[in-house]
Amino acid sequence: MLIPSLHKALNELVSLLNQLSNDDFTSPCKGLSNSTIGEHTRHIIEMFQCLENQYESGIVNYDKRNRDYRIQSDTHFALQTIDEVKNKLEKGDKTLVLQQIVDGEELRIDSNYFRELLYNLEHCIHHQALIKVAVLQLEHLQIDEDFGVARSTIEYRKQCAQ
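Read left to right, the sequence shown gives residues 113 to 274 (my numbering).
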């Protein structure tokens, strides 16, 4: 169920990007502290890439992202990169170590691939919620009402509607 949920979230992003001009993609949004839809898209993609690139070593450090600025400035390149991410998600679960420097101290926390995929899904949805702030200022765009909404919130809303 996790892989289809990841594909759904990434496909929602693809649907949005297919509607954006590069100007829409790269225009600063005041409501996002002048960040852009492209910057948030790059951040989403690079977290997935980071997990993919560090899977074999077993040590995942999300701070060691590539920060490829083409992703945030070219919608076509971003779309191509999302497609590559989607094609590489299905891997076996395995033990991983999450490594990060926090306030000058190195932390190493046991994790696993599926847990990190779930983290990336939640992270993606969080950034989609931020992207939605910028999108709502662009009246010519159509997005699903659930874009950027946590899956648990969607399920809760369904239960309340019954």
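Ideal Cβ placement from N, Cα and C applies to all residues, glycine included.
Bear in mind the structure is a predicted one, so any value in this text is a computation, not a measurement.
### Query
Mind checking whether Ile171 and Gln212 have CB atoms under 7 Å apart?
Here Ile171 is not near Gln212, since their CB atoms are 7 Å or more apart.
### Query
Any chance the region 225-235 sits against the region 149-165, with 3 or more Cβ pairs inside 8 Å?
Because the criterion of three Cβ pairs below 8 Å is met, the region 225-235 and the region 149-165 touch.
### Task
Can you say whether Gly150 is buried or exposed, counting buried as having 16 or more other CB atoms within 10 angstroms of its CB?
Classification for Gly150: buried.
### Query
Any idea what DSSP makes of Ser147, helix, strand or coil?
Ser147: strand per DSSP, three-state reduction.
### Asp175 versus Thr265, Val214 and Ser223, residue with shortest Cα-Cα distance
Nearest Cα to Asp175 within the set Thr265, Val214 and Ser223: Val214.
### Task
With a threshold of 16 other CB atoms inside 10 Å of the CB of Cys272, please say whether the residue is buried or exposed.
When all chains shown are included, Cys272 counts as exposed.
#### Entry: Residue interval of the beta strand (DSSP E) (run including Leu201)
Element bounds for Leu201: n/a, residue is neither H nor E.
### Nonlocal neighbours in the same chain, by C-beta distance under 7 Å from Glu267, ignoring five residues either side
So the list is empty, once near-sequence residues are dropped.
### Message
What would DSSP say about Ile171, mapped onto helix, strand or coil?
### Response
In this structure, Ile171 counts as strand in the three-state DSSP scheme.
### The alpha helix (DSSP H) enclosing Glu267, as first and last residue numbers
For Glu267, the enclosing alpha helix (DSSP H) covers residues Arg263 to Ala273.
### Query
Which value, in whole angstroms, describes the spacing of the CA atoms of Gln343 and Gln166?
Any property of residue 343 remains undetermined from this structure, which presents the chain solely from 113 to 274.
### Task
Enumerate in chain order the residues of its own chain whose CB-to-CB distance from Ile243 is below 6 Å, with the five nearest sequence positions on each side excluded.
Beyond the five residues adjoining it in sequence on each side, Ile243 comes within less than 6 Å, by CB distance, of Ile149 and His152 in the same chain, given in chain order.
### Query
Any idea if Gln342 is buried or exposed, counting beta-carbon neighbours within 10 angstroms, 16 or more meaning buried?
Residue numbering for the chain in the displayed model covers 113 to 274; residue 342 lies beyond these limits and cannot be assessed.
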